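Trainee:
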Amino acid sequence: MIIKIKNLRLKTIIGIYEFEQKILQDIIINASLHIKDESSLTSDNISDTIDYDNIVEDIKKIVSQNKFNLIEKLTHDVMKSILKNKKIHFCQLEVDKLKARQDTDSFAIYLQNYNN
184 MIIKIKNLRL KTIIGIYEFE QKILQDIIIN ASLHIKDESS LTSDNISDTI DYDNIVEDIK
244 KIVSQNKFNL IEKLTHDVMK SILKNKKIHF CQLEVDKLKA RQDTDSFAIY LQNYNN
């Protein structure tokens with residue numbers, strides 16, 4: 184089973200330039216959370232799956248309480264937080280930094296990782 188978080192829009196301080204470290208910038212986060220246990224499909228019980236609201240709140244906390252030079256580091260930190268949930272077997276994560284240049288919509292980092 185795959186649970187998706189789609190287009191989570193957040194603001195953070197991110198960038199290597201001095202002016203970027205003084206302003207909040209828009210990012211979009213998309214994640215596919217692969218769950219081995221599919222018992223929630225029939226049980227209708229939250230304890231049989233992940234609480235995606237908690238996952239989103241953890242992501243928001245990381246993004247709002249830190250400053251980042253690189254989108255790579257932000258993406259890594261979010262991935263690490265997601266994989267703390269042992270019910271998640273595999274995660275695919277993409278973080279877009281919007282309007283990083285005037286001639287692009289965004290720059291993105293894509294990571295995928297298994298939970299040990």
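Numbers given in the numbering used here equal positions in the sequence shown, counted from 1, plus 183. Beta carbons: idealized from backbone N, C-alpha and C, even for Gly. Keep in mind the model is a prediction, meaning the values are calculated, not measured.
List the whole-angstrom C-beta distance separating threonine 195 from isoleucine 218, where the pair is believed to meet the contact cut-off of C-beta under 8 Å.
Mentor: Within the sequence shown, numbered from 1, the residue matching residue 195 stands at position 12. Within the sequence shown, numbered from 1, the residue matching residue 218 stands at position 35. Incorrect: roughly 27 Å between the Cβ atoms, too far for contact.
Trainee: Using DSSP's beta-bridge definition, name the partner residues of lysine 250.
Mentor: Translated into the one-based positions of the sequence shown, residue 250 becomes position 67. In DSSP, lysine 250 forms a bridge with Ile196.
Trainee: With three or more C-beta pairs closer than 8 Å as the rule, is the segment 220-229 touching the segment 248-256?
Mentor: The segment 248-256, when compared against the segment 220-229, does not touch it at the 8 Å Cβ threshold.
Trainee: For leucine 257, which of helix, strand or coil comes out of DSSP?
Mentor: Indexing the sequence shown from 1 puts residue 257 at position 74. Note: leucine 257 maps to helix in three-state DSSP.
Trainee: On a CA-only basis, which of Arg192, Ile229 and Arg284 is nearest glutamate 240? Give me that one, please.
Mentor: Reading the sequence shown from its first residue, position 57 is the one you call residue 240. Considering only alpha carbons, the answer is Arg192.
Trainee: With distance defined between alpha-carbon atoms, name the residue in Ile210, Asn298, Val246 and Met184 nearest to valine 278.
Mentor: For the purposes of this step, residue 278 is taken as residue 95 along the sequence shown, with counting starting at 1. Ranking the options by Cα distance to valine 278, first place goes to Ile210.
Trainee: Counting along the chain, where does the alpha helix (DSSP H) carrying serine 226 start and finish?
Mentor: Numbered from its first residue, the sequence shown carries residue 226 at position 43. Where serine 226 is concerned, the enclosing alpha helix (DSSP H) stretches over 223-226.
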